[in-house]
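K.L.:
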Amino acid sequence: MKIKIEIDENLKEQEVIIRAPVWNEEVVFLKERILGEHETPTMLNVRQKEREFFLPLSDILFFETENKVIFAHTCDKMLETDYKLYELEEMLPGYFMRISKSTIANCNHIFSITRNITASSMVEFRDSHKQVYVSRQYYKMLRDYMAEKRRG
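The opening residue of the sequence shown carries number 0 in numbering that gives the first Met the number 0; numbering runs sequentially from there.
1. Short check: CB of V15 to CB of Y144, under 9 Å?
2. Give the list of continuous beta strand (DSSP E) stretches no shorter than 3 residues that lie fully inside the region 24 to 84.
3. Please work out which residues of its chain come closer than 7 Å, Cβ to Cβ, to T64, disregarding the five sequence neighbours upstream and downstream, and give them in chain order.
4. Return helix, strand or coil for M0, following the three-state DSSP convention.
5. Could you tell me how far apart the beta carbons of T73 and L60 are, in whole angstroms, since I believe they sit closer than 8 Å?
6. Near H37, what residues of its chain come up, given a Cβ to Cβ distance below 8 Å and the 5 sequence neighbours on each side ignored?
7. Which of the three DSSP states, helix, strand or coil, is assigned to N115?
Have a look at this one:
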């Protein structure tokens, strides 16, 4: 592993870039260590109508944007969150991955990926009827992550 540090006095805040040939456990570990364990939540505040829930991240299959509203999907519920996708992407543990412009998936719940060469590929989740699509742009990264996870 190479480490390169650049000092740029014009930056307003610190920025860390991790470059790797594949998404793997080492990349996840580095991301989580850099963010600090105290910054990675284990629960998320969500709501359904007027009822507020404190949902364990491990229960969430995926986050999805629908009409500018972000929903957290569990096996049987669809709950609203006030976070934007880019905020979730920054704060979620490494097993959550952006898989399209409008979706972040919990890779621990992925059961299968049905590949479609000409369009988005379908992702199915364990113990759920819910499905989402991984765009061609994110397909290779997701496939590499899942392959690495299988080996580890």
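Idealized CB from N, CA, C, for every residue including glycine.
P.N.:
Judging by the given coordinates:
1. no
2. 42 to 47, 50 to 55, 61 to 65, 68 to 72 and 77 to 80
3. L84 and S101
4. coil
5. 6 Å
6. A caution first: H37 carries a pLDDT of 48, below 50, which makes its placement in the model unreliable, though a value can still be read off. So the list is empty, once near-sequence residues are dropped.
7. coil
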